[in-house]
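Number of protein chains: 2
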Amino acid sequence: MAEAAGVSRTTVSFVLNDRPGAAISETTRQRVLQAAATLGYVPSPEARALKTGRSDIVLCLLPDWPITGPLGVLLKKLSAHLAEAGLTMFSHQRNAVDDLTQVLQSTTPAAVVAMCDLTPAEAAFAQQRGVHLVAWMGVIPGYPDEAGLRQSDVGRLQVSALAGLGHERVAYVLPHDTDLAWFSDPRRDGASERAAELGLAFEHVRLTDDVGSTTGLVDGLTTSGTTGVCAYNDEVAFSVVKAAQRLGREVPRDLSVVGVDDSVIGRLSEPSITTVSFELAHEAENLAALLAVGRNLPARSSARPAEVIRLVPRASTAPPGRA
Amino acid sequence: MAEAAGVSRTTVSFVLNDRPGAAISETTRQRVLQAAATLGYVPSPEARALKTGRSDIVLCLLPDWPITGPLGVLLKKLSAHLAEAGLTMFSHQRNAVDDLTQVLQSTTPAAVVAMCDLTPAEAAFAQQRGVHLVAWMGVIPGYPDEAGLRQSDVGRLQVSALAGLGHERVAYVLPHDTDLAWFSDPRRDGASERAAELGLAFEHVRLTDDVGSTTGLVDGLTTSGTTGVCAYNDEVAFSVVKAAQRLGREVPRDLSVVGVDDSVIGRLSEPSITTVSFELAHEAENLAALLAVGRNLPARSSARPAEVIRLVPRASTAPPGRA
DNA sequence: GCTCCTTGGTAACACGTGTTAGTAATACGT
DNA sequence: ACGTATTACTAACACGTGTTACCAAGGAGC
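Given below as structure tokens:
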């Protein structure tokens with residue numbers, strides 16, 4: 001394109017990249033910019049990536065499940081922050097067919113943020129390709145977890161909330177959908193740990209495909225003396241509440257329920273459902289800064305928020321047996 | 001890498017790409033594959049893309065909102081299908097900062113499927129770069145809509161369902177979240193059109209941020225004689241049902257409600273909520289075939305399903321006034 | 001006038017691949 | 001024995017960019 005502007009290709013490169021040490025007269029500079037504008041010229045991303053060794057892409061590796069709730073919002077914000085730094089964010093949902101090794105044969109991103117666990121082979125492959133790896137909610141062998149948030153902490157907070165009200169027998173209710181196992185299992189394990197620390201009785205059950213069977217499951221829990229239930233999310237919490245009500249039990253008098261996500265369904269439920277809310281607004285900034293190292297991005301927000309998860313007390317929890 | 005296998009680079013390229021017209025002895029072929037395996041060699045995606053003019057990426061351009069429900073499932077399936085064809089699917093949520101023009105400066109994908117509307121400038125830019133554009137649920141100036149699904153059809157189906165039961169005054173209830181406008185407006189407009197065709201009275205209201213105000217909105221609807229409500233989705237439908245019940249109205253006797261998405265909340269609601277379900281399983285195949293033209297993908301599924309949306313009758317709808 | 005330094009710019013290499021054209025060796029037909 | 005066809009392979013170019021090394025012109029210092 002430069003040739004059409006009466007100047008060498010090198011000069012164009014210098015102008016467009018604002019090369020620090022280069023000496024370009026203002027007139028030439030303007031001529032180049034003018035020509036680029038009229039021709040609609042943009043550099044080839046592949047050639048640039050080939051030469052520099054990495055592209056402008058930040059790959060967001062997600063677990064194999066539909067994105068919704070607070071995490072969806074985080075992705076949106078992260079994408080916007082990265083765009084300001086000149087980086088383009090792509091998402092890629094984890095998939096049975098192609099792992100990170102396969103994906104990296106389609107592009108060489110500037111960075112990969114792992115929101116799901118990576119195998120040592122995947123990590124090694126990315127490292128060999130010179131790809132910047134960031135573990136955020138996902139575990140990468142040999143890398144520190146950059147997330148202020150562990151799924152197990154969610155479970156721990158739920159149990160702590162119930163324990164604070166005096167409950168001594170608690171249970172965790174998992175969703176039917178096994179796609180969610182990657183999220184639900186750590187939450188349950190965190191809850192289990194916390195219950196053990198506090199000396200509470202703990203058990204867990206998983207919902208089945210059949211909606212009607214939830215009633216039986218909840219009946220089993222209450223008859224065994226459980227007074228507090230941690231649900232995987234507000235949707236599961238809602239179905240537990242419904243089942244308890246079908247059984248003639250009253251929430252929270254006979255059974256306290258804690259959900260996760262602070263979603264509309266929990267707010268509209270009767271009684272409204274105590275839940276765990278995510279405060280991910282600052283995390284998006286932090287992550288962006290972490291990914292765009294060496295880019296012109298506003299400095300990483302000074303302090304990490306002490307807690308990225310927060311309990312939202314509502315009507316579905318109370319001391320056991322209307323103490 | 002080839003040099004380490006005692007063979008020329010060209011031969012490596014021929015072997016790894018299974019070049020049709022090439023003559024390679026079996027021993028050499030094995031030697032190359034062996035060397036590639038031991039060295040862990042994979043071709044540079046950028047160099048390949050630079051040479052061939054396009055990469056293995058299928059970019060999925062999404063509207064600016066969190067993905068959930070049936071569309072999330074579709075994306076997952078599409079990604080798997082494309083992976084089988086050797087293509088890697090990335091998603092990119094529409095963003096205020098970077099439009100398609102910006103994105104295409106980070107990579108040159110094999111194809112872009114537009115699930116949101118594109119400006120003429122964006123379409124022209126993609127065309128100039130030789131990117132295969134497919135309009136699926138999104139409008140691209142000058143391109144045919146490949147989706148068997150229009151959002152307006154959802155609204156039309158909802159109104160038709162209510163009309164079939166004898167309702168003569170219907171209303172559309174939109175969600176508060178304006179991020180969803182891209183989806184909700186076409187649904188409302190389709191409903192409006194259908195109502196006009198059938199000679200029904202039609203109006204629409206939008207929920208506000210304040211959950212409590214929903215009661216007032218629903219009260220207004222019923223006092224004005226509305227007997228049937230089409231909700232943007234099951235969540236909105238649920239909140240309408242709750243509001244009606246708070247007002248002492250009975251569903252479906254005093255008010256029929258139709259949602260969208262066939263989600264858990266609608267199934268668990270009392271009464272359960274009549275909804276519109278999406279059958280997108282075949283669409284994923286069709287889309288994949290459309291995107292992977294010239295690739296070794298199983299042929300496009302023979303027949304298009306007649307209907308990709310389907311009404312699921314449940315307890316929240318009945319003839320008006322318990323006819 | 002000669003050398004040295006700064007300003008403004010360019011020629012040429014390298015990135016790693018796909019592809020075309022070409023070469024050496026062997027087989028085949030007569 | 002000679003021309004032709006086939007097999008097996010390779011040299012060399014091109015893709016579009018970033019970057020290093022180099023060159024020309026003009027002024028400053030002596």
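Residue numbers (the numbering used here), protein chains in the order written: chain U, 1 to 323; chain H, 1 to 323.
The beta carbon of each residue, even a glycine, is placed where N, CA and C say it ideally should be.
**OP:** Thinking H/Val-229 and H/Val-173 are a contact (beta carbons under 8 Å), I'd like their distance in whole angstroms, please.
**Re:** The distance from the Cβ of H/Val-229 to that of H/Val-173 is about 6 Å, consistent with a contact at the 8 Å cut-off.
Original post:
Run through DSSP, which three-state label would H/Leu-180 get?
Top reply: Residue state for H/Leu-180 is assigned as helix, using DSSP reduced to three classes.
Subject >> Short CB-CB distance (under 7 Å) between U/Asp-56 and chain H >> reply: Answer yes: the Cβ-Cβ gap between U/Asp-56 and chain H drops below 7 Å somewhere.
Original post:
Under 7 Å between C-beta atoms, does H/Ile-265 make it to chain U?
Top reply: Taking CB atoms only, H/Ile-265 has a neighbour in chain U less than 7 Å away.
Subject >> Delimiting residues of the alpha helix (DSSP H) encompassing U/Ser-13 >> reply: 9 to 17 is the span of the alpha helix (DSSP H), which, as asked, contains U/Ser-13.
**OP:** For H/Leu-297, collect the residues of the same chain with a Cβ closer than 8 Å to its Cβ; drop the 5 residues on either side in sequence, then sort them by chain order.
**Re:** Unreliable positioning characterises H/Leu-297 in this predicted model, as indicated by a pLDDT of 49, which lies under 50. The coordinate reading is nonetheless provided below. Once the five neighbours on either side are set aside, the close Cβ partners of H/Leu-297 are His-81, Glu-84, Ala-85, Ala-288, Ala-289.
Original post:
Is there at least one Cβ from chain U nearer than 7 Å to H/Leu-268's Cβ?
Top reply: Yes, H/Leu-268 counts as interfacial toward chain U.
**OP:** Step through the CB atoms of chain H and report whether any lies within less than 7 Å of the CB of U/Phe-278.
**Re:** It does not: the Cβ of U/Phe-278 has no partner Cβ on chain H nearer than 7 Å.
**OP:** Look at the alpha carbon of U/Ser-25 and the alpha carbon of U/Val-15, and state the distance between them as a whole number of angstroms.
**Re:** Each residue's Cα considered, the two are about 10 Å apart.
Original post:
Which chain H residues are close to U/Val-97, counting only those with a beta carbon under 7 Å from its beta carbon?
Top reply: For U/Val-97, the chain H residues whose Cβ falls inside 7 Å of its Cβ are Ala-80, Ala-83, Glu-84, in order along the chain.
Original post:
In its own chain, which residues sit with a C-beta less than 7 Å from the C-beta of U/Trp-182, not counting the 5 before and 5 after it?
Top reply: Here the set comprises Pro-63, Cys-116.
Subject >> Beta-carbon proximity check, H/Val-154 vs H/Leu-162, cutoff 7 Å >> reply: Their beta carbons are not under 7 Å apart, which means H/Val-154 does not touch H/Leu-162 by this criterion.
Original post:
Anyone know if the C-beta pair for H/Pro-175 and H/Tyr-232 falls short of 7 Å?
Top reply: With contacts defined by Cβ atoms closer than 7 Å, H/Pro-175 and H/Tyr-232 form a contacting pair.
Original post:
How long is the line joining the alpha carbons of U/Ala-123 and U/Gln-105, rounded to whole angstroms?
Top reply: Straight-line Cα distance between these residues: approximately 14 Å.
Original post:
What are the boundary residues of the beta strand (DSSP E) that includes H/Thr-88?
Top reply: Per DSSP, H/Thr-88 belongs to the beta strand (DSSP E) from 88 to 93.
Subject >> Beta carbon of H/Ala-49 nearer than 7 Å to that of U/Glu-270 >> reply: Their beta carbons are not under 7 Å apart, which means H/Ala-49 does not touch U/Glu-270 by this criterion.
**OP:** Pick out whichever of U/Gln-30, U/Thr-27, U/Thr-11 has its Cα sitting closest to the Cα of U/Gly-21.
**Re:** Measuring C-alpha to C-alpha distances from U/Gly-21 to each of U/Gln-30, U/Thr-27, U/Thr-11 identifies U/Thr-11 as the nearest.
Subject >> Host beta strand (DSSP E) of H/Glu-203 (start-end) >> reply: 201 to 206 is the span of the beta strand (DSSP E), which, as asked, contains H/Glu-203.
Subject >> H/Ser-256 versus H/Arg-206: straight-line alpha-carbon distance, rounded >> reply: H/Ser-256 and H/Arg-206 have their alpha carbons spaced roughly 18 Å apart.
Subject >> Presumed contact (8 Å Cβ cut-off) between H/Pro-109 and H/Ser-55, rounded CB distance >> reply: Going by Cβ atoms, the distance from H/Pro-109 to H/Ser-55 rounds to 6 Å, so yes, they are a contact pair.
**OP:** Could you list which residues in chain U have their beta carbon closer than 7 Å to that of H/Met-242, in chain order?
**Re:** Sequence inspection shows Lys at residue 242 of chain H; the Met mentioned does not correspond to that position. Under a criterion of Cβ atoms nearer than 7 Å, the residues of chain U adjacent to H/Lys-242 are, in order, Leu-268.
**OP:** Quick one: grab the DSSP three-state call for H/Gly-259.
**Re:** DSSP places H/Gly-259 in coil when its eight states are reduced to three.
**OP:** May I ask which residues mark the beginning and end of the beta strand (DSSP E) holding U/Ala-231?
**Re:** Where U/Ala-231 is concerned, the enclosing beta strand (DSSP E) stretches over 228 to 231.
**OP:** With DSSP as the reference, label H/His-81 as helix, strand or coil.
**Re:** DSSP places H/His-81 in the helix class (H, G or I) of the three-state scheme.
Subject >> Contact set for U/Glu-235: own chain, Cβ-Cβ below 7 Å, skip 5 residues either direction >> reply: Same-chain partners within the cutoff: Ile-265.
**OP:** Below 8 Å on the Cβ atoms is my guess for H/Pro-319 versus H/Gly-166; work out the distance and round it to an integer in Å.
**Re:** Separation of the CB atoms of H/Pro-319 and H/Gly-166 is rounded to 5 Å, and the pair is thereby assigned contact status at 8 Å.
Subject >> As assigned by DSSP and simplified to three states, the class of U/Ser-44 >> reply: Assigned with DSSP and collapsed to three states, U/Ser-44 falls in coil, not helix or strand.
**OP:** Pick helix, strand or coil for H/Val-167, following the three-state DSSP scheme.
**Re:** Position check: residue 167 of chain H holds His in this sequence, whereas Val was assumed. Here H/His-167 sits in coil by DSSP.
Original post:
Is U/Ala-161 helix, strand or coil when you go by DSSP?
Top reply: Looking at U/Ala-161 - three-state DSSP - the assignment turns out to be helix.
Subject >> Cβ-based neighbour list, U/Gly-219, same chain, cut-off 7 Å, excluding 5 preceding and 5 following >> reply: According to the sequence shown, residue 219 of chain U is Asp rather than Gly. Counting only Cβ-Cβ distances below 7 Å, and skipping sequence neighbours, we find Leu-247.
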